[in-house]
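**Student:** My questions all concern the structure below.
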Amino acid sequence: MEHIAQAVDPFVFRLSIFVLAVFVGYFVVWSVTPALHTPLMSVTNAISSVIVVGALLAVGVGMISSGSGWARGFGFIALIFACVNIFGGFLVTQRMLAMYKKKTK
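Going by our numbering, the letters in the sequence shown line up with residues -19 to 85, in that order.
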């Protein structure tokens, strides 16, 4: 039984997990009711903050050990994209929450 598990190429195994995650994510996001969009945006911002931590680690890899320039470059790009995503997500969340506030006369 152990030799069967080793027969699958790790790339194919990871690719199949990625494709499955794409399909599951697509159906989960599209089945969300409009009332839950604001909390979903907040969760997305939290996930992006985890990406920022990973990107900071990738950018600092050259300072810790003999990291490649590619890792630092991709880490910097990921850091910029995640920061834009967080900032935009908070703006959209604030705008959506403002729609539910009572207007003062």
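Beta carbons are placed, not taken as given, at the ideal position from N, Cα and C, and that holds for glycine. Quantities reported herein were computed from a predicted structural model and do not represent experimental measurements.
1) Spell out a yes or no on whether the region -5 to 15 and the region 25 to 36 are touching, meaning 3 or more CB-CB pairs, one atom from each, closer than 8 Å.
2) In chain order, which continuous runs of the alpha helix (DSSP H) of length 4 or greater are located wholly inside the region -9 to 44?
3) Throw me the rounded Cβ distance for the Ala62 and Ala38 pair, which I believe falls under 8 Å.
4) If I follow the unbroken alpha helix (DSSP H) through Thr84, where does it start and stop?
5) Take the Cβ of Gly163 as the centre, count every other Cβ of all protein chains shown within 10 Å, and call the residue buried at 16 or more, exposed below.
6) DSSP three-state call for Val(-12): helix, strand or coil?
7) Do you know offhand how far Ser11's Cα is from Leu20's?
**Tutor:** From the atom records:
1) No: the two stretches stay apart, fewer than three of their Cβ pairs being nearer than 8 Å.
2) Complete alpha helix (DSSP H) runs here, min 4: 17 to 39, 41 to 44.
3) That belief does not hold up - the Cβ atoms of Ala62 and Ala38 are roughly 11 Å apart, past 8 Å.
4) Careful: Thr84 lies outside any alpha helix (DSSP H) and carries neither H nor E.
5) With the chain covering only -19 through 85, there is no way to say anything about residue 163.
6) Looking at Val(-12) - three-state DSSP - the assignment turns out to be coil, as it is neither helix nor strand.
7) Ser11 and Leu20 have their alpha carbons spaced roughly 12 Å apart.
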